[in-house]
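Here is the structure we will look at.
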Amino acid sequence: MKKTEQLYEGKAKKVFKTDDPNYVIVDYKDDATAFNGLKKGTIVGKGVVNNKVSNHMFKMLEKHGIPTHYVEELSDRETVVKSVSIVPVEVIVRNIAAGSLSKRLGIPEGTKLKSTVLEYSYKNDDLGDPMINDYHVYAMGLATPEEMEKIAEYSFKVNEVMTEYLKQFGIELIDFKLEYGRCNACGGKIILADEISPDTCRFWDSKTGEKLDKDRFRQDLGNVEDAYQEILKRLMGE
Ligand code: C5P
C-alpha cells in the first residue's frame, strides 16, 4: 500500500492517505504533550513503543471479539489502519483512583474503586476536552444511543480483557482512554480506533506500584524513556 499525502498531524501521530480510500497510515511520533498541550517535550523511542504496544493490544482485543481499526504494522512507527470518522467522545475507564478523578473527587491516588467508572469527554482541544454525559452526547448529536450502547459495551469488555491480560506481566491497569470511529468501509460500524499505549493508559508495576506510563513525563518523575521501554519489554520481550 502506498503512503500518499498527509491528512492530519496530531500531538502524537501523523495520519497519511493511501492509494486505497478505505485505509490510512498512522505514523507515531516521539513528541509528548500534557495538560492540553501546555507541557511539551520529547520521549525518545516513544513512537516505536506506542506503535508496537497499540498493535499488540489491538490484535489481542480482536481475538476477544472487539472490532478495531488495526490492519497491518508496516514499520517500527507506521501502521495501516481502517479509515474511520472519529466519534468526538473520549471514553475513560477507571479501576483505581488517580489523575483527574483523585483531584476532582478527593479520592486518594491508589484507592481501589468499588466498581468500574466510565467517563466521557468531548474531544475538543479549544475547550480542554470537557467531561460530558450521555445526555450531552445526544443533545450535541455527537453519537446515537445505539452507538453509545456499543461504545460502553466494548469499553467495559476492553477493560476486563486488558486487566486480566496485563496481570501476567506484573502490570496493573489503573485507567485508560479509548476512542472509537465509524468505519468508512464497513457501513459506519463502530470500531475501536486511536491507540492503546503508555500515553493513554496508566500502568503501575503490580508489586512496587512504580508508574510505567506518561505520568512519569507529566509529573517529572524521571526515567520516562525507561518506563516506555519496560512496557514494550514486558509485553513483547523486546
Ligand atoms: O487525566 P485523567 O486522570 O483524566 O486521565 C485518565 C486516563 O486517560 C489516563 O490513563 C490518561 O493517560 C488518559 N487520557 C488520555 N488522553 C486524554 C485524557 C486522558 O489518554 N486527553
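First residue of the sequence shown: 1, per full-length UniProt numbering; consecutive thereafter.
The C-beta atom is built at its ideal place from N, Cα and C for all residues, glycine as well.
query, result
"Other residues of its chain near I132: CB distance less than 7 Å, five sequence neighbours each side excluded", "Y120, S121, Y122"
"Proximity test, I107 beta-carbon vs ligand 1 heavy atom, cut-off 7 Å", "no"
"Any non-hydrogen atom of ligand 1 within 7 Å of S100 CB", "yes"
"Cβ contact check for the stretch 171-178 and the stretch 91-100: 3 or more pairs under 8 Å", "yes"
"Assigned secondary structure, S83 (DSSP; H/G/I helix, E/B strand, else coil)", "coil"
"Sequence ranges, beta strand (DSSP E) only - wholly within the stretch 171-238, length at least 3", "171-183, 190-193, 201-205"
"Cβ contact (3+ pairs, closer than 8 Å) linking the stretch 40-56 and the stretch 156-175", "no"
"Heavy atom of ligand 1 within 7 Å of R202 beta-carbon", "yes"
"Distance between beta carbons of D27 and M1, contact taken as under 8 Å", "Not a contact, Cβ separation roughly 13 Å."
"Check whether A34 and R216 have beta carbons under 8 Å apart", "no"
"Residue ranges of each beta strand (DSSP E) within the stretch 31-112, 3 or longer", "31-34, 39-42, 70-73, 78-82, 84-86, 89-96"
"Simplified DSSP assignment, three categories, for K167", "helix"
"D199 beta carbon near ligand 1 (any heavy atom closer than 7 Å)", "yes"
"Between the CA atoms of K39 and E225 - distance to the nearest angstrom", "17 Å"
"Nonlocal neighbours in the same chain, by C-beta distance under 6 Å from R202, ignoring five residues either side", "A98, I174, D175, D213"
"K177 beta carbon near ligand 1 (any heavy atom closer than 7 Å)", "yes"
"E210 Cβ short of 7 Å to ligand 1 heavy atom set", "no"
"Assumed close pair Y23, V71 - CB separation to whole angstroms, cut-off 8 Å", "6 Å"
"Euclidean distance between Cα positions of V87 and Y228", "28 Å"
"Minimum C-alpha distance to A193 - residue among F169, C186, R182, D199", "R182"
"Cβ-heavy atom distance, K207 to ligand 1, below 7 Å", "no"
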